[in-house]
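Start counting the sequence shown at -4; every next residue gets the next number (my numbering).
Glycine included, C-beta positions come from ideal geometry on N, C-alpha and C.
Here is the structure we will look at.
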Amino acid sequence: MSEVYVIGHKSPDTDSVCAAIAYANLKRVTKENSAATAVRAGEINPETEFVLKNFGVEVPKKLDNAAGKKLILVDHNELGQMVDGADKADIMEVLDHHRIEFKLANPILFHTEPVGSTSTLVAEKYFEKGVKLDKKTAGIMLAAILSDTVVFKSPTSTDRDKKVADKLAQIVGVDPLKFGIEVKKAKASLAGKSARDIIQSDFKDYKFGGKKVGVGQVEIVDIEEARGRKKDILGEMEKMSNKEGYDMLFMMLTDIIQEGTELLVTGDKDGSVTKKAFNAQLKDNSVYIKGMMSRKKQVIPPLEKTVS
Ligand code: MN
Ligand code: MN
């Protein structure tokens, strides 16, 4: 049987990596697909590295080009976020919790639900099928749920995420809230990271009404440290815009403790887009927006509406 690659999005986050590992494992254990193999579409971030190390789980291999390969997509369904060559791959299934931007000529299994993380859906499948979860697999899914929901603080978080996380935490034997902060801290320091690394750590491309827009997000626990890097990050955003042809770039420095985002913006010269989309006034290319935590729920919809 030729291999079927279970893969998350580019610039993988913990959910994209861990949901892929857990879902590939489920496919193999249930014999639904004994050729399912988890892979990743890019370098793992420090948070994911911490999580995998913590549970002694191997880092999946990187798939550089998916052309001609069989894929199961987790945690994304937009072509712009797929591994290179995905347009020439055989996409067999999608399991996701994002908006649907997907077109395919033939029917496939497409499962998406508005929950806080893909790993919630994967874990529910384990429970439904009565597949026993070991500590490792439960642990990485728990970490992914805590990461995506920002320890249940994100508006994308649902009761189902909490319920599943509680079950997984029992298997692992940890307190979900305490473990969640530990997970988030692994990525939250900007010290020793270049502006480019900060921007790219979780960056997504969008096309809004023919405009090329990029939105990055980094979670922080120290807003002053982040503000100290503002100039540096804005400079790098300017460079990126010029080099890679972005009409607009947004960088969310999201404080998971105070629950708000310092939003850095380039390409919105008179601040009118930011004003209209977020009802916020840019000053020196940035503004602090209290309560802004989720790119998917609070940034992309108003931004798309305003720019298109
Ligand atoms: Mn993701
Ligand atoms: Mn996710």
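Report yes if the CB atom of residue i is closer than 8 angstroms to the CB atom of residue j, and no otherwise.
{"i": "Leu68", "j": "Val89", "result": "yes"}
{"i": "Ser112", "j": "Asp143", "result": "yes"}
{"i": "Phe198", "j": "Ser(-3)", "result": "no"}
{"i": "Asp250", "j": "Ile215", "result": "yes"}
{"i": "Asp70", "j": "Asp10", "result": "yes"}
{"i": "Ile95", "j": "Asn60", "result": "no"}
{"i": "Lys120", "j": "Val145", "result": "no"}
{"i": "Lys158", "j": "Gly51", "result": "no"}
{"i": "Pro171", "j": "Leu128", "result": "no"}
{"i": "Met287", "j": "Gly266", "result": "no"}
{"i": "Thr269", "j": "Leu259", "result": "no"}
{"i": "Ala62", "j": "Gly75", "result": "no"}
{"i": "Gly211", "j": "Met247", "result": "yes"}
{"i": "Thr43", "j": "Val110", "result": "no"}
{"i": "Lys206", "j": "Asp242", "result": "yes"}
{"i": "Ile16", "j": "Ile135", "result": "yes"}
{"i": "Gly230", "j": "Leu244", "result": "no"}
{"i": "Leu137", "j": "Ala100", "result": "no"}
I need the DSSP call for residue i, collapsed to helix, strand or coil.
{"i": "Glu254", "result": "coil"}
{"i": "Gln276", "result": "coil"}
{"i": "Ala139", "result": "helix"}
{"i": "Val54", "result": "coil"}
{"i": "Thr32", "result": "strand"}
{"i": "Gly3", "result": "coil"}
{"i": "Val146", "result": "coil"}
{"i": "Gly211", "result": "strand"}
{"i": "Ile284", "result": "strand"}
{"i": "Thr301", "result": "helix"}
{"i": "Glu(-2)", "result": "coil"}
{"i": "Asp156", "result": "helix"}
{"i": "Asn40", "result": "coil"}
{"i": "Leu130", "result": "Note on residue identity: the sequence assigns Lys, not Leu, to residue 130. It is helical."}
{"i": "Asn20", "result": "helix"}
{"i": "Glu27", "result": "coil"}
{"i": "Thr9", "result": "helix"}
Any chance the CB of residue i is under 7 angstroms from a heavy atom of ligand 2?
{"i": "Ile113", "result": "Inspection of the sequence shows that residue 113 is occupied by Thr rather than by Ile. Indeed, a heavy atom of ligand 2 lies less than 7 angstroms from the Cβ."}
{"i": "His92", "result": "yes"}
Relative to ligand 4, is the shortest distance from any of its heavy atoms to the C-beta of residue i smaller than 7 angstroms?
{"i": "Lys173", "result": "This structure lacks ligand 4; its bound ligands are ligand 1 and ligand 2."}
Closer than 8 angstroms, CB to CB, is residue i near chain C or not?
{"i": "Ser152", "result": "Considering every chain present, this structure includes no chain C. It has just one protein chain."}
Distance cut 7 angstroms, beta-carbon to ligand 1 heavy atom: residue list by chain order: That gives Gly3, His4, Asp8, Asp10, Ser11, Asp70, His71, Asp143.
Continuous alpha helix (DSSP H) assignments of at least 4 residues falling wholly in the stretch 167 to 205: 171 to 183, 190 to 195, all fully within the stretch 167 to 205.
Continuous alpha helix (DSSP H) assignments of at least 4 residues falling wholly in the stretch 223 to 269: Within the stretch 223 to 269, the complete alpha helix (DSSP H) runs of at least 4 residues are 225 to 239.
Completely contained beta strand (DSSP E) runs for the stretch 62 to 115, where each covers 3 or more residues: Taking 3 residues as the minimum length, the beta strand (DSSP E) runs contained wholly in the stretch 62 to 115 are 65 to 69, 85 to 91, 104 to 107, in order along the chain.
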